[in-house]
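Below: the structure, in structure tokens.
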């Protein structure tokens, strides 16, 4: 079972030199070990912006490309969080990709996981699939300008071309970004219910698929006030009295 501590460690390792990555090779922690961990925290008011970006694209063998991006940014002045969606369509050389002849079986257990689940299964040749998760933490004097580009996601949004159909759907406590690639396969990103799913099934050949989910956090870089420090000391004392 993958967990966020394992994911964060993996992200750290990806940014280290080869020698350092050997030292900090991630290991899976059992539930009993996780129950004893105490996480880091930030001072009150330090988080001034939090954003989520999800994007998926599918390019077939003849160059047709279909995709979508969903984004949301929350700041101190945000009254109601809102997702925005944009779709992309590109036409290739005008040909038709060869019909898919492969098939994929099994995988029922992928629907019963928690945390971050990533899968890429291929029954064709010369396919490429990327499932990526990024966590960016930066500091700034003020929150970045809100970039509410696209259509507000108040209901399903879809677009189609020769590569297939992409559909972005909100509801049931999650956001879903799905591509049906005209018989060449399918991809899915789903965020919510305490987990993230990135899954790609490739039935045809020479397809290129990209799934990306990125979390962006901006912290205020000015030093905390004496009052804020006193507040956190009181919180720590309270935890000690509870035996933590």
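In this note's numbering, the protein residues as written are 1476 to 1719.
Quick reminder that beta carbons are idealized off the backbone N, C-alpha and C, glycines included.
Quiz item: Among 1590, 1594 and 1617, which one has its Cα closest to the Cα of residue 1521?
Solution: The closest CA to that of residue 1521, considering only 1590, 1594 and 1617, is found on 1617.
Practice problem: Given a cut-off of 8 Å, decide if residue 1621 and residue 1550 are closer than it, judged by their beta-carbon atoms. | Solution: Result yes, Cβ atoms of residue 1550 and residue 1621 sit closer than 8 Å.
Quiz item: Expressed to the nearest angstrom, what Euclidean distance is found between the alpha-carbon atoms of residue 1577 and residue 1637?
Solution: Rounded to whole angstroms, the gap between the alpha carbons of residue 1577 and residue 1637 is 20 Å.
Quiz item: In the DSSP assignment, what are the bridge partners of residue 1545?
Solution: In the DSSP output, where bridge partners are listed per residue, residue 1545 has 1529 and 1560.
Quiz item: Closest by CA to residue 1506, which one among 1656, 1589 and 1615?
Solution: It is 1589.
Quiz item: Should the region 1523 to 1536 be regarded as contacting the region 1637 to 1657, the criterion being three or more beta carbon pairs within less than 8 Å?
Solution: These segments touch.
Quiz item: Do the region 1663 to 1671 and the region 1566 to 1586 meet, that is, are 3 or more Cβ pairs less than 8 Å apart?
Solution: Flag = no, the region 1663 to 1671 and the region 1566 to 1586 do not touch.
Practice problem: Classify residue 1592 as buried or exposed, calling it buried when 16 or more other Cβ atoms lie within 10 Å of its own Cβ. | Solution: Burial state of residue 1592 is buried, judged by a 10 Å Cβ sphere holding 16 or more other Cβ atoms.
Quiz item: Can you tell me whether residue 1499 is buried or exposed, with buried defined as 16 or more other CB within 10 angstroms of its CB?
Solution: Caution applies to residue 1499, whose pLDDT of 39 falls short of 50 and renders its modelled position unreliable; the value that the coordinates give is listed next. So residue 1499 counts as exposed.
Self-check item: CB-CB length for residue 1585 against residue 1594, believed under 8 Å
Solution: Confirmed, about 6 Å.
Quiz item: Short check: CB of residue 1582 to CB of residue 1563, under 8 Å?
Solution: No; because the gap between Cβ atoms is not below 8 Å, this pair is not in contact.
Quiz item: Can the beta-carbon of residue 1567 be found closer than 8 Å to that of residue 1600?
Solution: No, these two residues do not count as a Cβ contact at 8 Å.
Exercise. Take residue 1690 as the anchor and find which of 1537, 1560, 1547 and 1641 has the nearest alpha-carbon.
Key: Among 1537, 1560, 1547 and 1641, the Cα nearest to that of residue 1690 belongs to 1547.
Quiz item: Taking the C-alpha atoms as reference points, what is the distance between residue 1692 and residue 1527?
Solution: Residue 1692 and residue 1527: Cα-Cα distance of roughly 9 Å.
Quiz item: In terms of alpha-carbon separation, which member of 1553, 1560, 1554 and 1680 lies closest to residue 1642?
Solution: Answer by Cα proximity: 1560.
Quiz item: Beta carbon of residue 1666, beta carbon of residue 1614: below 8 Å?
Solution: Cβ atoms of residue 1666 and residue 1614: not closer than 8 Å.
Self-check item: For residue 1693, the first and last residue of its enclosing beta strand (DSSP E)
Solution: Counting along the chain, the beta strand (DSSP E) containing residue 1693 begins and ends at 1683 to 1695.
Exercise. Would you list the one or two residues that DSSP bridges to residue 1534?
Key: For residue 1534, which the question treats as bridged, DSSP gives the partners 1540 and 1683.
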